[in-house]
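Protein chains in written order, with the working numbering: chain A, 1 to 98; chain B, 99 to 446. Input: a single structure, listed below in structure tokens.
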């Protein structure tokens, strides 16, 4: 257990150190233009959405990082369910060669 | 037909949403099957749908993160992901990517390097296409020899360059169980550094380079190369989605709509690898690389000679490659499913 925690800690530390470098590299490729969404066209959830984008790109980014994997997993699991339902073996790949 | 269009809250443009889903399904199938993000396919597609360029890359990366994550999970269940190898390669990819990105900025300060980068990309892709088809050719020759000798040609393999690299025994030596290889830890680190560096220089995700490198240099079986590459794409994709969104360059509504198709398509692509042997995947991958080369060459000529029609032709080549490959994979998936279900019915 202790070894696992040490490994997990090491990887987290590595991610904290390395990932900002990715951000730095990506930042250079995006020109410094601020794009503002026009909230006048919207009402309800769309107005909230555009306001969130205009007010805080940080919250918007956090929401993206949570929403994207969630949506991917939901629809991917749904596809798995459908494939399992028609009887495909989703546990082994069989002999697929080199 | 107004209901077929949705107003993008951030970009402020109306987009034909079924087009986003269809594009998502196509690139999802290809991504899950080949183990790559496929930015070169998505960006022209988004452009055709009327998407502003400022949002195309961020939206592409955001949807890529979701589809790669779910298909990594699917490949993982098939035993196609070597997580240990993926984690080790992440070190080299991060360092290499950063050095490549910094290097290209330094070169940009010296002068225009865009054309050089594009030519380098074409040469690299041509090399990859040559490797793939040379490998297939070598395998066919070996098969013919085995058959002529009265043996079984089932186990014939093509080029085995990885054996030379495995012979370099610099400690620490490591076992990668899913990949079934035993080599120096420095081999995957070096390969990932090199592919990361190239990705940084070329400004691409790197799946197109990493997947063949995992096969031909590290020595992974094709299916494990696909799964492990997707694992890397998923990690860098989630982070890329965050960083691009933070810069205000992601149209999240479009990414989510695309993801509906892409995540389901990616599962189909991942399961299709069950029904196609390793060399079938390599062959189709070679064709995808050729499609990519043709599109880049057309773009280069369009720019150099100022012929806008070639620019459109380049987009048409990309879309034709996506459509034909995803259709091919889908048909093989359906045929494989039918065969499997018939076998189950015969047994039961």
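Backbone N, C-alpha and C fix where the C-beta goes; we use that ideal spot for every residue, glycine too. A quick note: this is a predicted structure, and the numbers were derived from the prediction, not measured.
Check: For residue 430/B, the nearest candidate out of 109/B, 117/B, 99/B and 127/B (CA to CA); Outcome: 127/B
Check: Coarse secondary structure for residue 444/B, derived from DSSP in three states; Outcome: helix
Check: C-alpha gap between residue 158/B and residue 363/B, whole angstroms; Outcome: 15 Å
Check: Partner residues on chain B for residue 94/A, Cβ-Cβ distance less than 7 Å; Outcome: 372
Check: Interface flag, residue 46/A vs chain E, CB-CB below 8 Å; Outcome: Among the chains of the structure shown, chain E does not appear; the protein chains present are A and B.
Check: Inter-stretch contact (C-beta, 8 Å, three-pair minimum) for the segment 366-379 of chain B and the segment 167-174 of chain B; Outcome: yes
Check: Beta strand (DSSP E) runs contained entirely in the segment 205-279 of chain B, provided each spans 3 or more residues; Outcome: 271-274
Check: Enclosing beta strand (DSSP E) for residue 112/B [first to last residue]; Outcome: 112-114
Check: C-alpha gap between residue 427/B and residue 202/B, whole angstroms; Outcome: 36 Å
Check: Sub-8 Å separation of residue 145/B and residue 151/B beta-carbons; Outcome: yes
Check: The segment 308-319 of chain B: positions lying closer than 7 Å to chain A by Cβ; Outcome: 319
Check: Chain-ordered chain B contacts of residue 84/A [CB-CB under 8 Å]; Outcome: Correct list: empty, because the minimum Cβ distance to chain B is about 10 Å.
Check: Cβ-Cβ distance between residue 387/B and residue 137/B below 8 Å; Outcome: no
Check: Inside the segment 286-357 of chain B only - alpha helix (DSSP H) runs reaching at least 4 residues; Outcome: 305-311 and 320-344
Check: CA-to-CA distance, residue 375/B to residue 382/B, given in whole angstroms; Outcome: 11 Å
Check: Beta-carbon proximity list for residue 119/B, same chain, < 8 Å, skipping 5 on both sides; Outcome: 355, 356, 358 and 359
Check: Buried versus exposed, by CB contacts within 10 Å (16 or more), residue 349/B; Outcome: buried
Check: Element boundaries [beta strand (DSSP E), containing residue 471/B]; Outcome: Since the first residue of chain B shown is 99 and the last is 446, residue 471/B is not available in this structure.
Check: Chain A contact for residue 107/B (CB, 8 Å cutoff); Outcome: yes
Check: Within-8 Å CB hit, residue 178/B to chain A; Outcome: yes
Check: Option nearest residue 54/A by Cα separation, candidates 108/B, 297/B and 310/B; Outcome: 108/B
Check: Enclosing beta strand (DSSP E) for residue 104/B [first to last residue]; Outcome: 103-105
Check: Neighbouring residues, chain A, relative to residue 230/B (Cβ below 8 Å); Outcome: Under the 8 Å cutoff, chain A gives no residues; its nearest Cβ is about 14 Å from residue 230/B.
Check: Whether residue 199/B touches residue 298/B by CB criterion (8 Å); Outcome: yes
Check: Residues near residue 180/B in its chain [Cβ-Cβ closer than 8 Å; skip 5 each side]; Outcome: 274, 275, 276, 277, 318, 322, 325 and 326
Check: Where the alpha helix (DSSP H) containing residue 75/A begins and where it ends; Outcome: 57-85
Check: Local Cβ density within 10 Å of residue 195/B, reported as buried at 16 or more and exposed below that; Outcome: buried
Check: Members of the segment 337-355 of chain B that neighbour chain A once the beta carbon cut-off is set at 9 Å; Outcome: 337, 338, 339, 340, 341, 342, 343, 344, 345, 346, 347, 348, 350, 351, 353 and 354
Check: For residue 158/B, the first and last residue of its enclosing alpha helix (DSSP H); Outcome: 151-175
Check: Supposed contact pair residue 124/B and residue 192/B - C-beta distance, whole angstroms, cut 8 Å; Outcome: Contact doesn't hold; Cβ gap of about 30 Å is too wide.
Check: Anticipated Cβ contact below 8 Å, residue 343/B with residue 60/A, distance rounded; Outcome: 6 Å
Check: Classification of residue 102/B by the beta-carbon crowding that lies within 10 angstroms, buried from 16 upward; Outcome: exposed
Check: For residue 421/B, the three-state DSSP class (helix, strand or coil); Outcome: helix
Check: Any C-beta of chain A under 8 Å from that of residue 397/B; Outcome: no
Check: DSSP three-state assignment for residue 361/B, whether helix, strand or coil; Outcome: helix
Check: Contacting residues, own chain, Cβ-Cβ under 7 Å from residue 114/B (five flanking each side not counted); Outcome: 102, 103 and 147
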